[in-house]
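*Asks:*
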Amino acid sequence: MGVLARNESSTGRIVLADGTVDPSVDRLLRNPAFLSAIANRFALADVRVLVGTVVRDQVDIPSFAGIPGAAYAGQLTVEPEIGQAREDLEQIAYYEPNDGFYPESAIQVTLAGPYTLRSSTINAITGLLVIGALVGLAVAVIVAAYLARRFTTPLRRLTVASREMAAGEMAQRVPTALAETGSVEVAELTRQFNAMAVRIAESMEIIRRDRDRSRDFLADVSHELRTPIAALRTFNDLLREGAVEDPVARDEFLEASAQQIDRLDWLSQNLLELSKLDSGLLQLDLRPDDLRAAVESAVQQAEAAARKRGVALSVVLPDRPLRIRHDPLRIGQVVSNLVGNALKFTPRGGTVTVTVSSERTGARIVVADTGIGIDATELPYIFERFYRGSRSNEARGSGSGLGLAIVRSIVDMHGGRISVESRLGKGTTFSVTLPADPRSVAVGTADRAPVRTHVTDVEESSPADPPL
Ligand code: ADP
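Residue numbers (the working numbering): 1209 to 1676.
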């Protein structure tokens, strides 16, 4: 601009000696086409030109002093290109030709409001940023939803399963594969839930089995009591209807009634005994006694019945005392029940042998007979309450099916085992093994009525086998 002005000057000066602008320069700058051309073609901004002089202060520091009326302007009028926009900026530059004249000329050029790409660039970047942020947000939402679903699905299944269990649906489980997709804690919680569900189902099954067993037991008891009571009522009716006049018939009915009363008494004693054994009300009187004494005394008590039935009853005992910790009364009851059965199911002329022997871990009592034997299909049931074999025939009528149940409970309470071997028509052998000390053995089994030993002692006379 300064060079153009100086070239245009007719005097070679921009500012004349009298402090006014050279007329040629003034004309050039006032020409609207000139500054507008610079504004539109080169500067792309409004151009303002102020012609002045350099003024120096005392310490020779120069400053610009504009000449009043020497201000020129050229407006930017061309249309902006795509993306360009006016910028609110102003840039001032000075030109000092230093042409050696006084006063020294100077030109101040101001470029204002230029076209730039800045705002469109900022807009573009802002747009990109907004799009980027939206995409990021969308990805975050999708990932969060996926993770939340992954973690909450097992929890939701747990909630559903526990609700259904509370409603009585005990087969509910949460698939472990599903739990593994969640956090470690949720997987662990699911495993614990499933384990708890299995335990609850098992407990329910045990309770259900106990309930069924109690129901069956009650039905059996009612049935067993009804038979002798019906017989007694019949005898009573017959006696009232006139049989009392006939001494023979009267004695016969009274004898039959006495037998039924004995049976009722025996039945009630056995039931009481069994319920005490099962409920744990009965505590064993364990002492380190000679086992031979308990067995021998039980066998002796059965000798009269054996003679009556024509069956040879013998006992084989070890020479030396066999001291094991046991309840002599209850073990006597075991032997007495087993021998009673053996005599009952052995025809006249047969033999029943009771053998006691010492074992490494305790003792063994074997009751063997040469009787009718037990069918293999019936063997698994003979220890159940009220079970009576189909082949027991006439002997069956005198039994109640409680004897072996009592035997098994007493053996269990001693921490022992009972087993049976039988061949139809050949005979049966019951084998009872007892530990030297029941306290060293875990007593009771889970799959049947619990038998406990640590409850208040109730001294009870051992019910004898039914009248044969
Ligand atoms: P019960 O009072 O009927 O004898 P138990 O519980 O003592 O009841 O016996 C159950 C069933 O087991 C008997 O009815 C019988 O069928 C069978 N049983 C028990 N002991 C013998 C045996 N020594 N010989 C043959 N069968 C036997």
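Glycine included, C-beta positions come from ideal geometry on N, C-alpha and C.
Assuming R1556 and G1597 are in contact, meaning their beta carbons sit under 8 Å apart, how far apart are those beta carbons, in whole angstroms?
*Replies:* Contact flag wrong, Cβ pair sits at about 20 Å.
*Asks:* Around the C-beta of G1335, are 16 or more other C-beta atoms found within 10 angstroms, so that it is buried, or is it exposed?
*Replies:* Exposed is the call here.
*Asks:* Of all the beta strand (DSSP E) runs that stay within the bounds of the region 1355-1438, which reach a length of 3 or more residues?
*Replies:* Qualifying beta strand (DSSP E) stretches: none in this window.
*Asks:* Hey, D1254 and A1293: beta-carbon distance below 8 Å or not?
*Replies:* No; because the gap between Cβ atoms is not below 8 Å, this pair is not in contact.
*Asks:* In the DSSP assignment, the beta strand (DSSP E) including I1614 goes from what residue to what residue?
*Replies:* Premise fails: I1614 lies in the alpha helix (DSSP H), G1611 to M1621, not in any beta strand (DSSP E).
*Asks:* Which two residues bound the contiguous beta strand (DSSP E) that contains V1257?
*Replies:* Where V1257 is concerned, the enclosing beta strand (DSSP E) stretches over D1254 to R1264.
*Asks:* If you measure from the CB of I1590, is any heavy atom of ligand 1 nearer than 7 Å?
*Replies:* Yes, since a heavy atom of ligand 1 falls inside the 7 Å radius drawn around the Cβ of I1590.
*Asks:* Is T1636 near ligand 1, going by C-beta to nearest heavy atom under 7 Å?
*Replies:* T1636: yes, Cβ under 7 Å from ligand 1.
*Asks:* Count the CB pairs spanning the region 1493-1503 and the region 1624-1636 that are closer than 8 Å, and state whether there are at least three.
*Replies:* Judged by Cβ distances under 8 Å, the region 1493-1503 makes no contact with the region 1624-1636, as fewer than three pairs qualify.
*Asks:* How many angstroms separate the CA atom of D1226 from the CA atom of S1328?
*Replies:* One C-alpha to the other measures close to 49 Å.
*Asks:* Which two residues bound the contiguous beta strand (DSSP E) that contains V1456?
*Replies:* Taken as a continuous stretch (DSSP letters only), V1456 belongs to no beta strand (DSSP E), being part of the alpha helix (DSSP H) at P1455 to S1487.
*Asks:* Using a Cβ-Cβ cut-off of 7 Å (strictly less than) and excluding sequence neighbours within five positions of T1561, which residues of its own chain qualify?
*Replies:* Answer for T1561: S1522, V1524 and A1576, listed in chain order.
*Asks:* To which residues of the same chain is A1409 closer than 8 Å at the C-beta, ignoring the five residues directly before and after it?
*Replies:* If we look at A1409 and ignore the five residues flanking it on each side, its Cβ neighbours are M1378 and A1379.
*Asks:* Among Y1310, V1229 and F1250, which one has its Cα closest to the Cα of G1274?
*Replies:* Among Y1310, V1229 and F1250, the Cα nearest to that of G1274 belongs to V1229.
*Asks:* Would the region 1524-1537 and the region 1562-1573 be scored as touching if the rule is three or more Cβ pairs under 8 Å?
*Replies:* Touching, yes, given that three or more Cβ pairs across the two stretches are closer than 8 Å.
*Asks:* Beta carbon of G1611: closer than 7 Å to some heavy atom of ligand 1?
*Replies:* Indeed, a heavy atom of ligand 1 lies less than 7 Å from the Cβ.
*Asks:* Looking at A1571 and I1532, is the spacing between their C-beta atoms short of 8 Å?
*Replies:* For I1532 and A1571, yes; Cβs fall inside 8 Å.
*Asks:* Out of P1311, V1615 and D1486, which one is the CA nearest neighbour of R1264?
*Replies:* Residue P1311 is the option with its Cα nearest to R1264.
*Asks:* Considering only C-alpha positions, which residue in the set P1588, A1320 and L1479 is nearest to E1295?
*Replies:* Ranking the options by Cα distance to E1295, first place goes to A1320.
*Asks:* So, for A1514: in the same chain, excluding its five sequence neighbours on each side, which residues have a beta-carbon less than 6 Å away from its beta-carbon?
*Replies:* Taken in chain order, the residues that qualify are L1521 and L1551.
*Asks:* Tell me the DSSP secondary structure of Y1280 in three-state form.
*Replies:* The answer is strand: DSSP assigns Y1280 an E or B state.
*Asks:* Should D1428 be counted as a contact of ligand 1 given a C-beta to heavy atom distance under 7 Å?
*Replies:* No.
*Asks:* Report, in whole angstroms, the separation of the C-beta atoms of N1248 and L1297, which I expect to be a contact under 8 Å.
*Replies:* Rounded, the Cβ-Cβ distance is 17 Å, inconsistent with contact.
*Asks:* According to the Cβ coordinates, are L1610 and I1590 closer than 8 Å?
*Replies:* Result no, Cβ atoms of L1610 and I1590 do not sit closer than 8 Å.
*Asks:* Taking its Cβ as the centre, do 16 or more other Cβ atoms sit within 10 Å of L1342, making it buried, or is it exposed?
*Replies:* Flag for L1342 reads exposed.
*Asks:* What does DSSP give as the partner residue(s) for T1318 in the beta ladder?
*Replies:* According to DSSP, T1318 bridges with R1256 and I1300.
*Asks:* Which value, in whole angstroms, describes the spacing of the CA atoms of Q1316 and G1308?
*Replies:* Distance between the alpha carbons of Q1316 and G1308 is about 19 Å.
*Asks:* Taking 7 Å as the cut-off, is the CB of F1172 close to at least one heavy atom of ligand 1?
*Replies:* A question about residue 1172 goes unanswered here, because the residues of the chain that appear run from 1209 up to 1676.
*Asks:* In terms of DSSP beta bridges, what is F1272 paired with?
*Replies:* Its beta-bridge partners are V1262.
*Asks:* If you reduce the DSSP assignment to three classes, tell me which class F1250 lands in.
*Replies:* Reduced to three states, the DSSP call for F1250 is helix.
*Asks:* Can you tell me where the beta strand (DSSP E) with D1577 in it begins and where it stops?
*Replies:* Element bounds for D1577: G1570 to D1577.
*Asks:* Tell me the DSSP secondary structure of Y1589 in three-state form.
*Replies:* It is helical.
*Asks:* Helix, strand or coil: which one does DSSP assign to F1638?
*Replies:* Reduced to three states, the DSSP call for F1638 is strand.
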